[in-house]
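What follows is the structure in structure tokens.
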């Protein structure tokens with residue numbers, strides 16, 4: 001627990017940190033977090049500092065490039081990202097929406113200090129009547145950052161890994177909710193408009209969400225999409241996919257797992273495959289146990305792609321061949337480091353010494 005935050009804000013910070021550690025429902029966390037504007041800013045910096053350091057400059061540049069006339073910011077919270085959009089497009093008609101009354105109140109109080117006209121704020125979501133009345137087919141840019149879409153994407157992605165590995169088809173309930181939300185976003189966006197969707201999900205959830213959006217006319221834009229470092233106190237290595245889409249007049253092509261990888265990661269031109277390791281050799285040795293599922297070898301249809309970069313580093317992409325739904329991305333470091341890690345994982349799974357695992361791997 002962050003003692004400096006508690007020392008500065010007292011009981012309010014202690015209550016929030018305790019609730020967060022206990023997995024309190026998100027809407028209640030929003031209310032605790034937004035007890036005061038200063039507390040909200042400090043907690044945001046603690047939890048999201050690394051992400052914001054990458055996200056905000058990138059978003060500012062994108063908005064200036066697009067020069068939108070009408071913008072919708074979904075899940076605006078206390079207006080931190082909304083401010084970046086507003087100041088990058090001061091002439092745009094901007095609406096910002098969030099379910100948390102306390103967060104919206106902070107944003108509305110802070111907005112007059114911005115170097116741009118204040119946007120119009122709404123408490124609610126896309127299901128509310130104002131959306132149909134105002135946003136229908138007009139939006140040049142729709143933005144969402146770890147907020148509204150998480151209600152659809154995150155629950156599925158947060159299933160225990162042993163449950164979701166090899167799970168090629170999302171649940172009917174997930175598809176129903178995702179399609180309803182994607183349809184409402186599509187109804188708000190003009191042809192040629194742009195959707196920016198940064199969600200707290202893994203690549204599996206991101207790919208499923210991208211495919212649902214494609215059904216509704218949103219085409220993945222690989223040149224603008226990226227993977228942000230988003231380390232948090234309890235997950236320093238967290239990375240979040242930020243997907244950018246362009247609205248077509250009709251359904252868009254469904255992205256594949258490989259499309260997602262190339263969209264999120266910059267692979268230098270001329271990078272070639274490294275064939276010093278064969279996934280099939282591991283699959284032949286590893287039984288589909290609960291332990292094995294923790295690193296992806298649960299079924300025989302899993303595939304590993306390894307790409308050597310110009311720097312000598314190895315990029316490891318693990319994909320499910322059944323529908324290409326499950327994707328893991330690892331910046332593996334050097335080839336030697338990758339081999340050492342695989343030997344260690346294999347030894348743990350087989351209950352053998354690393355030397356025996358290395359011998360098994362070499363066969």
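In the UniProt record's numbering, the protein residues as written are 1 to 363.
Just so it is clear, CB atoms sit at the ideal spot from N, CA and C, and this is done for glycine as well.
As the structure is a computational prediction, the values presented were derived from the model and not from experiment.
Between the region 171-185 and the region 104-111, do three or more beta carbon pairs fall short of 8 Å? no
Does DSSP put residue 241 in a helix, in a strand, or in coil? Position 241 of the chain shown, counted from the first residue, corresponds to residue 241. Of the three classes helix, strand and coil, the one that applies to residue 241 here is strand, per DSSP.
Host alpha helix (DSSP H) of residue 190 (start-end): Here residue 190 refers to the residue found at position 190 of the chain shown. Looking at the DSSP string, residue 190 is not in any alpha helix (DSSP H); the run it does join, the beta strand (DSSP E), is 189-198.
Measuring alpha carbon to alpha carbon, tell me which of 248, 243, 249 ends up nearest residue 259. Start at 1 with the first residue of the chain shown, and residue 259 comes out as number 259. That would be 243, whose Cα lies nearest to the Cα of residue 259.
Does the region 52-59 come within contact of the region 118-125, defined as at least 3 CB pairs closer than 8 Å? no
So residue 84 and residue 141 are supposed to be a Cβ contact under 8 Å. How far apart are they, rounded? Here residue 84 refers to the residue found at position 84 of the chain shown. Here residue 141 refers to the residue found at position 141 of the chain shown. Not a contact, Cβ separation roughly 12 Å.
For residue 194, count neighbouring Cβ atoms within 10 angstroms of its own Cβ and tell me buried if that reaches 16, exposed if not. Taking the chain shown and counting its residues from 1, the one referred to as residue 194 is at position 194. When all chains shown are included, residue 194 counts as buried.
Separation of residue 254 from residue 79, as counted between CA atoms: As a position in the chain shown, residue 79 is number 79, starting the count at 1. As a position in the chain shown, residue 254 is number 254, starting the count at 1. Approximately 33 Å, taken between the alpha carbons.
Please tell me whether residue 263 and residue 216 are closer than 9 Å, where the distance is taken between their beta carbons. For this step, residue 263 is matched to residue 263 along the chain shown. For this step, residue 216 is matched to residue 216 along the chain shown. No, Cβ-Cβ distance for residue 263 and residue 216 is not below 9 Å.
Relative to the C-alpha of residue 189, which candidate in 222, 231, 138 has its C-alpha closest? Along the chain shown, one-based indexing puts residue 189 at 189. With distances taken between Cα atoms, residue 189 lies closest to 138.
Could you tell me which uninterrupted alpha helix (DSSP H) segments, each at least 4 residues in length, are contained entirely in the UniProt domain "Methyltransferase" (71-155), listed from first to last along the chain? 80-88, 101-110, 129-134
What do you get for residue 251, buried or exposed, if any count of 16 or more other CB atoms within 10 angstroms of its CB means buried? For the purposes of this step, residue 251 is taken as residue 251 along the chain shown, with counting starting at 1. Exposed.
Please classify residue 344: is it buried, with 16 or more other beta-carbons within 10 angstroms of its beta-carbon, or exposed? Position 344 of the chain shown, counted from the first residue, corresponds to residue 344. So residue 344 ends up on the exposed side.
Test item: CB-CB of residue 75 and residue 98 under 9 Å: Within the chain shown, the letter at position 75 stands for residue 75. Within the chain shown, the letter at position 98 stands for residue 98. Contact flag set, yes.
Pair within 9 Å by beta-carbon distance, residue 72 and residue 95: Numbered from 1 along the chain shown, position 72 holds the residue referred to as residue 72. Numbered from 1 along the chain shown, position 95 holds the residue referred to as residue 95. Yes, these two residues count as a Cβ contact at 9 Å.
Inter-residue spacing [alpha-carbon to alpha-carbon] between residue 227 and residue 111: Position 227 of the chain shown, counted from the start, is the residue given in the question as residue 227. Position 111 of the chain shown, counted from the start, is the residue given in the question as residue 111. Roughly 29 Å separates the two Cα atoms.
Which residue or residues does DSSP assign as beta-bridge partners of residue 55? To locate residue 55, count along the chain shown from 1; it is residue 55. Residue 55 pairs with nothing; no bridge assigned.
Beta-carbon proximity check, residue 241 vs residue 213, cutoff 9 Å: Translated into the one-based positions of the chain shown, residue 241 becomes position 241. Translated into the one-based positions of the chain shown, residue 213 becomes position 213. No.
For residue 50, which residues in the same chain have their Cβ closer than 7 Å to its Cβ, ignoring the five residues on either side in sequence? Taking the chain shown and counting its residues from 1, the one referred to as residue 50 is at position 50. Hits under 7 Å: 229, 230, 231.
Could you pull out every residue in the same chain whose Cβ sits closer than 7 Å to the Cβ of residue 82, ignoring the five residues on either side in sequence? On the chain shown, position 82 is the one that residue 82 refers to. Result list for residue 82: 73, 76, 96, 107, 119, in chain order.
Could you please give the first and the last residue of the uninterrupted beta strand (DSSP E) stretch that includes residue 226? Residue mapping note: residue 226 aligns to position 226 of the chain shown, counting from 1. Counting along the chain, the beta strand (DSSP E) containing residue 226 begins and ends at 226-229.
Alpha carbons only, please: which of 53, 87, 246 is nearest the one belonging to residue 221? As a working mapping, residue 221 is identified with position 221 in the chain shown. For the residues 53, 87, 246, the minimum Cα distance to residue 221 belongs to 246.
Can the beta-carbon of residue 143 be found less than 9 Å from the beta-carbon of residue 191? By one-based count along the chain shown, residue 143 stands at place 143. By one-based count along the chain shown, residue 191 stands at place 191. Not closer than 9 Å, so no.
From residue 205 to residue 116, what distance separates their C-alpha atoms? As a position in the chain shown, residue 205 is number 205, starting the count at 1. As a position in the chain shown, residue 116 is number 116, starting the count at 1. Straight-line Cα distance between these residues: approximately 35 Å.
Residue 246 by DSSP, collapsed to three states: which one? Along the chain shown, read from residue 1 onward, the residue named residue 246 stands at position 246. Here residue 246 sits in strand by DSSP.
Among 54, 102, 210, 70, which has the Cα closest to the Cα of residue 93? Taking the chain shown and counting its residues from 1, the one referred to as residue 93 is at position 93. With distances taken between Cα atoms, residue 93 lies closest to 70.
C-alpha distance - residue 283 paired with residue 340, whole-angstrom precision: By 1-based counting over the chain shown, the position of residue 283 is 283. By 1-based counting over the chain shown, the position of residue 340 is 340. Here the model assigns residue 283 a pLDDT of 36, short of 50, so the residue's position is not dependable and the matter cannot be decided.
Nearest-angstrom Cα distance between residue 439 and residue 145? Beyond the ends of the chain as shown, which are 1 and 363, falls residue 439; an answer cannot be given.
My understanding is that residue 136 touches residue 187, with C-beta atoms under 8 Å, so please give their C-beta distance in whole angstroms. If you number the chain shown from 1, residue 136 lands on position 136. If you number the chain shown from 1, residue 187 lands on position 187. Confirmed, Cβ separation roughly 6 Å.
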